[in-house]
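If you're matching positions, the sequence shown starts at 155 in our numbering and goes up one per residue.
Reading through the structure tokens given below for one structure.
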Amino acid sequence: MADRPYSYIATPIVNPQPQLYGALNREAIAALINGAAPLPLVSEYTDLARQLQPNGFDLTVRDVAGIRAASGEAALGASDEDRRLPEPHETDFHKDDWWRLSSGAYRITFNEVVNLPRWLMALGRPRSSLLRMGVALHTAVWDAGYSGRSQALLVVHQPGVLHLQRNARVAQLVFLPLNGADALGYGGRYQGENL
């Protein structure tokens, strides 16, 4: 983890509603990363100065695993007991921490640990360079109160090979304050994932 070389002179945000509206900007995100809250908003980043953006925070690739139909059947039922995820298969590095990804679906794990307070949610979007390469990144909502190292679905649509380097920035999290703190916060099965 970097030693937080990037900082702003800003008042730490403890509970911004109703003062904040819309997405958090770079200064507010930096304050929540560098602030005195129980946990920083984002930790285990690779380069804070590069990852802080005007409207969000870039997430980087830690690991890539392939998803194939042959790796097991998936199921999503009405209850958690009826949920089965396919087993991912390992992907090989080509050399120097680069993956060679042919057309298909991959599960990526991010380096960063996200710790959302109960008054803040996040949405993840692909970086535009991926889209220009014929590659899609799909994410779910980061619910208020979530803490963990998230995963996303990377789909290589173009017929060639995508060369993807470990620690490459692939997604941007946009943080949105709620109109009030959620009483419970996220309590699903992915709380604390990959820690």
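Where a beta carbon is used, it is the ideal one built from N, C-alpha and C, also for glycine.
Note down, in chain order, each residue of its chain lying with its Cβ closer than 7 Å to the Cβ of residue i, except the 5 sequence neighbours on either side.
i      : result
ALA322 : THR214 and VAL215
PRO208 : ASN179 and ARG180
ASP336 : ARG272, ALA298 and GLY299
VAL328 : ALA177, ASN209, GLY210, ALA276, LEU277 and ARG279
If you run the structure through DSSP and keep just helix, strand and coil, what is residue i?
i      : result
LEU255 : strand
GLN207 : strand
LEU277 : strand
LEU202 : helix
Going by C-alpha distance, which of the options is nearest residue i?
i      : options                           : result
ASN179 : GLY334, GLY346, GLN326 and GLU347 : GLN326
TYR344 : VAL268, VAL315 and PRO192         : VAL268
LEU270 : ALA298, ILE262, LEU285 and GLY210 : ALA298
GLN312 : TYR300, SER256, GLY176 and ALA184 : SER256
THR293 : ARG261, ALA191 and SER283         : ARG261
ALA259 : GLN305, SER301 and ARG279         : GLN305
LEU193 : ASP201, THR263, ASP217 and ARG272 : ARG272
GLY334 : MET275, ALA203 and VAL218         : MET275
GLY220 : THR263, ALA203 and GLY176         : THR263
GLY302 : ALA191, ALA182, LEU186 and SER197 : SER197
Let me confirm a value: residue i is counted as buried when at least 16 other C-beta atoms fall within 10 Å, else exposed. Which label applies?
i      : result
ASP212 : buried
VAL315 : exposed
ASN265 : buried
VAL310 : buried
SER283 : exposed
GLY346 : exposed
VAL289 : buried
GLY278 : buried
ARG286 : exposed
ALA184 : buried
On the DSSP letters alone, give me the boundaries of the alpha helix (DSSP H) that residue i sits inside.
i      : result
ALA185 : 180-188
ARG375 : The structure shown does not extend to residue 375, since the chain spans only 155 to 349, so no value can be given for it.
Between which two residues does the beta strand (DSSP E) harbouring residue i extend?
i      : result
TRP327 : With the sequence shown as reference, residue 327 is identified as Leu, and Trp is not the correct amino acid for it. Taken as a continuous stretch (DSSP letters only), the beta strand (DSSP E) holding LEU327 covers 323-331.
LEU291 : 289-292
HIS317 : 316-319
LEU308 : 305-310
ASN269 : 267-269
Apart from the five residues on each side of it in sequence, which residues of its chain come closer than 6 Å, Cβ to Cβ, to residue i?
i      : result
TRP252 : HIS317 and GLN319
GLN205 : TYR199, PHE211 and ASP212
TYR300 : LEU270 and TYR340
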